[in-house]
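*Asks:* FYI, numbering that gives the first Met the number 0 numbers position 38 of the first sequence as 37, with every residue one higher than the one before it. Heads up, the beta-carbon is just placed ideally off N, CA and C, and yes, glycines get one too.
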Amino acid sequence: MEPAFYDRPVLEVARDLIGCVVTHGECAGVIVESEAYHDTEPASHAFGGPTRRNEMLFGPPGRAYVYLSYGLHVMLNTVCEQEGIGAGVLIRALEPLSGVRLMAERRGLLPERIRDLCSGPGKLTQALGIALSDNGSDLLRGPVTITPRQAGWERPPISVGRRIGITRAVDLPWRFCVTGSRFLSAPAR
DNA sequence: CATGGGATTGACT
DNA sequence: GTCAATCCCATGC
Numbered sequence: 000m001e002p003a004f005y006d007r008p009v010l011e012v013a014r015d016l017i018g019c020v021v022t023h024g025e026c027a028g029v030i031v032e033s034e035a036y037h038d039t040e041p042a043s044h045a046f047g048g049p050t051r052r053n054e055m056l057f058g059p060p061g062r063a064y065v066y067l068s069y070g071l072h073v074m075l076n077t078v079c080e081q082e083g084i085g086a087g088v089l090i091r092a093l094e095p096l097s098g099v100r101l102m103a104e105r106r107g108l109l110p111e112r113i114r115d116l117c118s119g120p121g122k123l124t125q126a127l128g129i130a131l132s133d134n135g136s137d138l139l140r141g142p143v144t145i146t147p148r149q150a151g152w153e154r155p156p157i158s159v160g161r162r163i164g165i166t167r168a169v170d171l172p173w174r175f176c177v178t179g180s181r182f183l184s185a186p187a188r
């Protein structure tokens, strides 16, 4: 992935991240679900301008914005668009690629339950061992990295729909999924 | 300084 | 389907 990848409209980045690979340590997975957020719409943490919590979103593109949801779940986002604009993509689900045994151990599940390892934004950070301390991670250098699509994922079929679990701006079709994937947090509709 | 809600999950009815 | 867990932080008094 080149630095300019993230310095584009967040909707383009969210779509293009589908099929790319998130890696942390020995664990990796293919992004099969993403959602875009932008400071111009009220569902975004960046809506209303920078605060100490969301300041990473307004920083330079290509870094990780990691935050805690509901007091216990860690969420991974990629910071997008130019510095000063609060835009990011929430990674919502992965298809596990490697490190499945460790993922299952972290998730407290049997390794054969592959579909349950990363099928949700809080699940995938737990499976990959991503923590709040990874906030600000350079996605090109690590410790959390995102790399381009591999063979078989050059042209993933993508479905677009409404974002999940929010109460504001609920009608924006800013959720992107691999059509028919069994690794989503919820089916595309 | 107190309060309440949230980009969720898993256990339970 | 319902609901509690759990904590950061934005907001308001």
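Please state whether DSSP places residue 46 in a helix, a strand or coil.
*Replies:* Three-state result, residue 46: coil.
*Asks:* Return yes when the Cβ of residue 30 is within less than 8 Å of the Cβ of residue 90, no when it is not.
*Replies:* The answer is yes: Cβ separation under 8 Å.
*Asks:* Using the DSSP secondary-structure output, state which residues sit across from residue 94 in a beta bridge.
*Replies:* In the DSSP output, where bridge partners are listed per residue, residue 94 has 29.
*Asks:* Once DSSP output is grouped into helix, strand and coil, what is the label at residue 148?
*Replies:* In this structure, residue 148 counts as coil in the three-state DSSP scheme.
*Asks:* Using 8 Å for Cβ pairs, my map puts residue 0 next to residue 145. What's the rounded Cβ distance?
*Replies:* The pair is a contact, with the Cβ atoms about 6 Å apart (cut-off 8 Å).
*Asks:* Compare the beta carbon distance of residue 86 and residue 44 with 8 Å and say whether it is the shorter of the two.
*Replies:* For residue 86 and residue 44, no; Cβs fall outside 8 Å.
*Asks:* Counting pairs of Cβ atoms below 8 Å between the region 128-143 and the region 6-24, do you hit three or more?
*Replies:* Touching, yes.
*Asks:* Using only alpha-carbon positions, find the residue among 5, 169 and 171 that is nearest to residue 81.
*Replies:* When only C-alpha atoms are compared, the closest one is 5.
*Asks:* Could you say which of 42, 33, 147 and 68 lies nearest to residue 93 if we only look at CA atoms?
*Replies:* Checking every option, the nearest Cα to that of residue 93 belongs to 33.
*Asks:* At 4 residues or longer, and completely inside the region 115-143: list those alpha helix (DSSP H) runs for me, N to C.
*Replies:* Entirely contained in the region 115-143, the alpha helix (DSSP H) runs reaching 4 residues are, in chain order, 120-127.
*Asks:* So, helix, strand or coil for residue 0, using DSSP?
*Replies:* Residue 0 falls in the coil class under three-state DSSP.
*Asks:* Tell me the DSSP secondary structure of residue 113 in three-state form.
*Replies:* Residue 113: helix per DSSP, three-state reduction.
*Asks:* Look up residue 57 in the DSSP assignment and say whether it is helix, strand or coil.
*Replies:* The answer is helix: DSSP assigns residue 57 an H, G or I state.
*Asks:* Exposed or buried, what is residue 170 when buried is set at 16 or more other beta-carbons lying within 10 Å of its beta-carbon?
*Replies:* Classification of residue 170: exposed, given that the 10 Å Cβ count is below 16.
*Asks:* Could you say if the region 48-64 and the region 161-177 meet the contact criterion of at least three C-beta pairs nearer than 8 Å?
*Replies:* Too few Cβ pairs lie closer than 8 Å, so no.
*Asks:* Is it the case that the region 105-112 contacts the region 144-161, given that we only count it when at least three CB pairs across the two stretches are under 8 Å?
*Replies:* No contact exists between the region 144-161 and the region 105-112.
*Asks:* Go to residue 100, then tell me how far its alpha helix (DSSP H) extends in each direction, as first and last residue.
*Replies:* Per DSSP, residue 100 belongs to the alpha helix (DSSP H) from 99-106.
*Asks:* Please report the straight-line C-alpha distance between residue 158 and residue 76, rounded to a whole angstrom.
*Replies:* If you take the alpha carbons of residue 158 and residue 76, they lie about 20 Å apart.
*Asks:* Got a sec? Which residues, its chain only, sit under 8 Å from residue 108 by beta carbon, not counting five neighbours each side?
*Replies:* For residue 108, where only same-chain residues beyond five positions count, the Cβ hits under 8 Å are 115 and 116.
*Asks:* Nearest to residue 160 by CA position, among 63, 181 and 188, is which residue?
*Replies:* Comparing Cα-Cα distances from residue 160 to each of 63, 181 and 188, the minimum goes to 188.
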